[in-house]
Each structure stands twice: as C-alpha cells, then as structure tokens.
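**Student:**
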Amino acid sequence: MSGGVDSAVAAARAVEAGHDVTGVHLALARNPQTYRTGARGCCTLEDSRDARRAADVIGIPFYVWDMADRFHEDVVDDFVAEYAAGRTPNPCLRCNEKIKFAAVLDRAVALGFDAVVTGHHARLGADGLLRRSVDLAKDQSYVLAVLTRAQLDRSIFPLGDSTKAEVRAEAARRGLAVADKPDSHDICFIADGDTRGFLAQRLGEAPGDVVDAVSGAVVGSHSGAYAYTVGQRRGLHLDRPAPDGRPRYVLSITPKTNTVTVGPAEALEVAEVHATRPVWTGGERPTAPVECQVQLRAHGDVVPATVEVTADGLAAELRRPVRGVAAGQAIVAYRPDPAGDVVLGSATITG
Amino acid sequence: MAYLDHAATTPMLDEALEAYVATAREVGNASSLHAAGRRARRRVEESRERVAAVLGARPSEVIFTGGGTESDNLAVKGIFWARRAAHPQRVRVVSSAVEHHAVLDAVDWLAGQEGAEVGWLPVDAAGRLDPERLRVELAAHGDRVALVTAMWANNEVGTVQPVAELAAVAAAHGVPFHTDAIQAVGQVPVDFAASGVAALTVTGHKLGGPTGVGALLLARDVAATPLLHGGGQERDVRSGTLDTAGIVAFAVAVEAAVKGQQEYAARVAALRDELVERVRRAVPEVVFNGDPVDRLPGNAHFSFPGCEGDALLLLLDAQGIACSTGSACSAGVAQPSHVLLAMGADDDRARSSLRFTLGHTSTRADVDALIAALPAAVDRARRAASLRTPR
C-alpha cells in the first residue's frame, strides 16, 4: 500500500472478495523525505501514514517492510548502470520484476500468505492471462508484462475492470481520505524530477562529442552521454545547425567512445526491433512467427508487427516504422481481444 | 486476544477509571479562587499527597506532568540548564547506553543544540550498569558534570539497575541523579528518599492509570529550568492547567500499584517464569535476554535466532497475540535495538528479538495462546529471514 488511492481500493476489494488481507507499505528510500512536493516521488513518511490510515479504515493489519537495500541494489543501481551503458531503463518495470513480485512476494509466501494484491491497472482473470485495463489511459500492463507465469499465478489485480475515475469515486464512497490524492508521476526515487542531475551526481561529468550521423562532423559537446535518450530533441545545445535547418534528434549513444550521435527525424525510424530475456505468459513460447501488436515504451503507441523467437530472444518486424526506440526499454507483444488485449510476452530491447 | 504488551501500556484499573470519570464530571480549574476551583485544588493536593506518601517523597517534591516523556525531558534538560546557569563549567551529562529514547534523545539534543558533552556509561551482557564505571567517570569529570541520568529498570530487556548505589556515587560527587522509573513503579520497590536520587520519572499508563499524566519527583533542593512557561503551576517548574481528573486517577493507580506491588510481583513473576520455561521448550534455541535475577517481574525478552522480530510480531498478531519488538521504529521500519547492541548483541540478534510483558490482567490462558502459536510462527519467520541472505 503506497499511500495512494489505487492500492487502498485494491486492498478494500480484496477484503470484500473474502481474502484475509494484511496491508504492507514498502520503505524503499534510505532517507525518506517527510513531505512530498507536488505529485513527485513517493515513499515519503506522509505516504506511509496515508497508507496506514487507509488500512485502519479498511480494518486490516498494516506493516512497513524495509526493502530499501534490495530496492537500491536491484532498481536504483540498475537504473544508473543502464544509463551508463547507453540504455534507457524503466525502473517501475524493474521494481515489479525484482521487488513487488519477487522480494515482497517471496517474503509473503514464506510468512504464509498466498498472493500479492496490488493496485495496478491491469486485468488478470481466471484464465491466467494478463490483459490491459479497461482504462487505457491508466493501463499498466506494459510494466507488468515482465512478470513470469509463476509470479502472475501469485498476483491479484482487483482494479483492472475499473477506470481511475471509478476507483476514486469508490475510495470516496468507502471513506478513504486518499480518494483525491494526486497521482504520482515520474521516478519515485528522484524526488525533484531531475533525472539528469541524479545521474550526474552518481556518474560524474564525462565530457564527450555530439556527432552528426550524416556528415560525421562534431556538432557539439556533452558533459555525460548517459544524460541522453534516443529520440531526444531538447537540450542538445548544438553549436552548428543542420545544413537543412531541420531539428536533429539523438539517434544513438555509444558508451565506448562516449559519443552521442544525432541526426534527422527520419533516421530515428526503426522497422525492426531485437530484444533479449523474453518472458512468454500469454501461452506457450511461440514456435512460428506471431502476428500481434507491440508496444515499445510506457504509454507508447501500439504498432502491428510480426514477432519471431530468435536464438537470444525475439525479433519484431514492425508494419510501420516507429521513432525513438530505445535499448533498455521493454517490447511487449499484445494479442488484440475484445475482453482486453492479452499480453503474449515481453522482452528487453537491445536494438 | 492475548495481550502480552503491558510494558507498552496496561489497562486502567477499575478504581482509577471510576475516579477519573467521577472527577471529570466536576467543573473547576485548580488555579481558580472560587469554590469550584478550591474543590479541584483540593483533589489535586490530596492526589499529590497520596503519590508522595507511597513513593517516599514529600508532597512538594511531586510535579505533575503530561507523562513520562515530558518528565524525562524536564529532568534532563531542566536540571542541565539550571546547573549550567549556576556553574558554567558544568556542561557534561552522564547517561547510560540503554536509556529509553525520551532520555536518550533529550541528551542527544543537549549535545547537538546546547554544546553538552556526554559520558555514556556502558552495560554488561545482561544490560546492567556498573557503579564502578560511574565512579571512574565522576572521578575524571565530576566537576564538569551537570547531572547523571540512568533508568531504574529497562523497558526492553527488563534489567533492574542498582539505582541506590549509582545515586550514592553521584551524591558523593555532589551531582544530581535522575532516574527514569517508568517501568519500575508498581513492579519493584521504589522509594524516592531511600534511593537517594534527586529526580524520578513516573507515568500513569504503565501502572493502571490514564495516559497523558505522570509526575517528576524533584527533590526540594534541586533546581530545574522550566520547559513550559505560562501560569506557573507546579512549583513554577511546569506550567499548564492541572488535569484534575487525570491527576486523581493517576494517584489512585500509583497508590494501588505500589501498595499491591509485592503480591503483584510474586504472581506475575511466577507466570512469567512459566512463560519463559514453555517458550524455551517450544523453541529450544531461543536466547533469553536481560538479567535473569534483577529483572522486572512481567518481562520476558528473547532473541529467536534466524528470525526477524518484526516478522514474528506480524505472525503472532495474526493469531491474536500482541507483543513487541521492544525497539523503536524509524518511519515504521524496525531498527536494531540500541539496548541489545549495547549489551554486545550483533545486528542479527538485535533484530531477532521479541518482548513479552505481563501485567495485572495476565492469565495462564495468555501464555497458552502464545505457546500454541509460537512454533509455527518461528518456522515461517525463519523461512522469510532465509530469503534475506545475499542471492
């Protein structure tokens, strides 16, 4: 229970469904800030108190579990290392994979609990298939697609059939004070939202060149390649405009030479995506090419594609090219379904 | 429910509750001059006399406060300030490594904000202070010490300190000695004058009185600078409208607890010994913490090797058994107990601890319930703890 409205309502629904529920708040920060500022961050002491109050109203026991060390190793350090390697990680996905549905779930099972209930917006029904939420704007199936069959089998997502607006209304009806608490955005462990500053603090300054992909010329400099993401346009501070006067985008990051390569928007277009560490939860691991839809980043567009299993993961041939595909993000394959698009599988994009 | 957390708070005694309700129905501010005020004043002063009589103090030495934390803060900060004002070189506070946070953090605050030096007295493996260490400390720094503060009995592991000996050492150096006796009053014999201490903290809700009312017994010749300024009630040391009903109920509870102490201690210690014996049989590898002899009658404190105390607490809570890890939380996250660490325990043993405390309503059925639930809880907590080892 994060202290937000979703997990509070999820807990209340789990109780109503007849489960014997215990509320758990994760202490993830080594030095929790006392108050949130705006909608940024989470895991503050105020959030912990909000979660405890919600548990009191629902009438369930409530405990704080200290997962700060695990979170730091598996999520924060991984986040920094991924950027240092020129990739763009998704820490929420990593937290689901390593903390919420691993460290927390394992501890819970050892203590005698059967499953972890969360307030994620996704559907997981009796058929065991993970589907998008009815609220497509709030759907979180993308950051849950990394979960394995074993993890999903011990997961309950009570909110998948409701929109966020319905969840808020229900919270108000249940007398939960978090009903109108603002949604949390951004990365919870970067409270001020300054990802570049956060990375600079940990990785230090590492000046290098910004190179134009077309001419091969050095068109600018940077103080750390890790601060750039494929598809980025703003904040490049280029010395020379492109010959055609059109904007340039980050095409790739090369940690070996500490180079950021930029070029025109068309050069960003990708029609083939390779990925590693696949997880198949929508059925058996495919043996033939699968026609499906893929999503390449959180809240990203969905593109029709043919997905094929390869030696080291999967390859997706996109029906139309997509811009800004970043290594380190997940590719999630969905099968369109009137009862909610089904997650077939997921893997980490390599290129 | 099996309530095994009486050291956290214990149910109010019927007579204290009745006295509270009866008094709370009456109007009157004890500082008012009219008849209603005089009636309230009389109740407060009678209560003061009752508390003084059973605790070996003079009525004028009883300062009613808002509870134990306030009394501790008033004693530690108030005596420090007053002594330093009179003798600018007296800037050292001597305390023990096993104090409750109400003393520990007050001393730390003086060190951080007021430039106080601190001499921390160590404890042995049973959590016991050695008067000889205090003698050495005061021989070295006696002329710089503002006060010594050491608890009468430890709230976590139940060890009872040699308070009279410690107070005698302090008195020999002319240094006032404060003791936090919150866990001691009603559990072991406590006599303010006979113990030789200069100040003593007692609170209501640990002995069958209401929460939010307590007292600092402060010897007449010991000055303390107030924390709370205002109307000057309570010897000009503590301002604030007197909580007449709370004070009356507090006095009733103190009197009952002290008068019944011997009989209570014999009954509860026997039940506690049974609990300890049965826990040892159920979980043979358990470690019993604290002084085996000089300890509070209701206290049983264990380390469960290979378990985390907070996991055990969760599992026992789910079975209707209320106990405590005994240590403070930081943002709800259990910290390894500073008391066990001071006793030489390592981090794992400190985190594996659980405190069961009996009180005036405890019965054998409470112990039965604990023993029925404990083995399965220990098994599960052990499985959960084994996940913590590096992957």
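Chains A and B, in that order, give the protein sequences.
The first sequence finishes on residue 447 if you use this note's numbering, and the numbering steps up by one all the way, no holes.
The second sequence finishes on residue 392 if you use this note's numbering, and the numbering steps up by one all the way, no holes.
Where is the CB? At the ideal position from N, CA and C, for every residue including glycine.
(1) Below 7 Å on C-beta distance, what does residue 203 of chain A contact in chain B?
(2) Distance cutoff 8 Å, beta carbons only. Does residue 173 of chain A sit that close to anything in chain B?
(3) With distances taken from CA atoms, which of A/356, A/280, A/350, A/297 is nearest residue 314 of chain A?
(4) When DSSP labels each residue in this structure, what does residue 148 of chain B get in the three-state scheme?
(5) Determine, using beta carbons only, whether residue 368 of chain B and residue 276 of chain B come nearer to each other than 8 Å.
(6) Are the beta-carbon atoms belonging to residue 114 of chain B and residue 154 of chain B less than 8 Å from one another?
(7) Would you tell me roughly how many angstroms separate the C-alpha atoms of residue 236 of chain A and residue 429 of chain A, rounded to the nearest one?
(8) Indicate whether at least one CB of chain A lies closer than 8 Å to the CB of residue 284 of chain B.
(9) Can you check whether the CB of residue 262 of chain B is closer than 8 Å to the CB of residue 190 of chain B?
(10) From B/175, B/218, B/103, pick the residue whose C-alpha is nearest to that of residue 142 of chain B; which is it?
(11) Along the chain, where does the alpha helix (DSSP H) that runs through residue 376 of chain B open and close?
(12) Would you kindly work out how many angstroms separate the C-alpha atoms of residue 232 of chain A and residue 195 of chain A, rounded to a whole number?
(13) Which whole-angstrom value is the C-beta distance of residue 365 of chain A and residue 400 of chain A, which I expect to be below 8 Å?
(14) Exposed or buried, residue 299 of chain B, counting other C-beta atoms within 10 Å across all chains shown (16 or more means buried)?
(15) Which chain A residues are close to residue 381 of chain B, counting only those with a beta carbon under 9 Å from its beta carbon?
(16) Along the chain, where does the beta strand (DSSP E) containing residue 388 of chain A start, and where does it finish?
(17) Flag residue 132 of chain B as yes when its Cβ comes closer than 7 Å to any non-hydrogen atom of the ligand FMN, and as no otherwise.
(18) On the three-pair Cβ rule with 8 Å, is the stretch 272–289 of chain B touching the stretch 312–321 of chain B?
(19) Nearest CA to the CA of residue 105 of chain B: which residue from B/93, B/301, B/74?
(20) Using a Cβ-Cβ cut-off of 8 Å, state whether residue 96 of chain A counts as contacting chain B.
(21) Would residue 299 of chain A and residue 176 of chain A be called neighbours here (beta carbons separated by less than 8 Å)?
(22) Would you call the CB atoms of residue 11 of chain B and residue 201 of chain B closer than 8 Å?
(23) In this structure, how does DSSP classify residue 445 of chain A when only helix, strand and coil are distinguished?
(24) Pull up the distance between the alpha-carbon of residue 432 of chain A and that of residue 423 of chain A, whole angstroms please.
(25) Taking the alpha-carbon of residue 335 of chain A as reference, which of A/377, A/260, A/352, A/307 has the nearest alpha-carbon?
(26) DSSP has residue 357 of chain A in a bridge; who is on the other side?
(27) Could you say if the stretch 333–353 of chain A and the stretch 314–323 of chain A meet the contact criterion of at least three C-beta pairs nearer than 8 Å?
(28) Could you tell me the alpha carbon to alpha carbon distance between residue 379 of chain B and residue 289 of chain A, rounded to whole angstroms?
(29) Let me know the beta strand (DSSP E) ranges lying completely inside the stretch 274–355 of chain B, each 3 residues or longer, listed in chain order.
(30) Determine the extent of the alpha helix (DSSP H) in which residue 48 of chain B is found, giving its start and end residues.
(31) Distance check for residue 126 of chain B and residue 48 of chain B, CA to CA, integer angstroms please.
(32) For residue 224 of chain B, I'd like the list of residues in its chain whose CB is within less than 6 Å of its CB, leaving aside the five on either flank, ordered along the chain.
(33) Which residues in chain A have a C-beta closer than 7 Å to the C-beta of residue 334 of chain B? List them in chain order.
(34) What residues of chain A sit near residue 312 of chain B, judged by a beta carbon separation below 7 Å?
(35) What does residue 6 of chain B touch in chain D if you count any residue whose Cβ is under 9 Å from its own?
(36) Would you mind telling me which residues of chain B sit closer than 9 Å to residue 157 of chain A, beta carbon to beta carbon, in chain order?
**Tutor:** On the basis of the data shown:
(1) 385, 388
(2) no
(3) A/356
(4) strand
(5) yes
(6) no
(7) 14 Å
(8) no
(9) yes
(10) B/175
(11) 365–387
(12) 25 Å
(13) Their Cβ separation, rounded to whole angstroms, is 16 Å, which puts residue 365 of chain A and residue 400 of chain A out of contact at 8 Å.
(14) buried
(15) 206, 207, 208
(16) 386–391
(17) Judged by which ligands are present, the structure shown has none, so any question about the ligand FMN falls away.
(18) no
(19) B/74
(20) Nothing about residue 96 of chain A can be read from this structure; chain A reaches only from 97 to 447.
(21) yes
(22) no
(23) strand
(24) 25 Å
(25) A/307
(26) A/307, A/348
(27) yes
(28) 43 Å
(29) 300–304
(30) 36–56
(31) 40 Å
(32) 83
(33) 123, 160, 162
(34) 207
(35) Checking the listed chains, one finds no chain D in this structure; the protein chains it contains are A and B.
(36) 315, 318, 319
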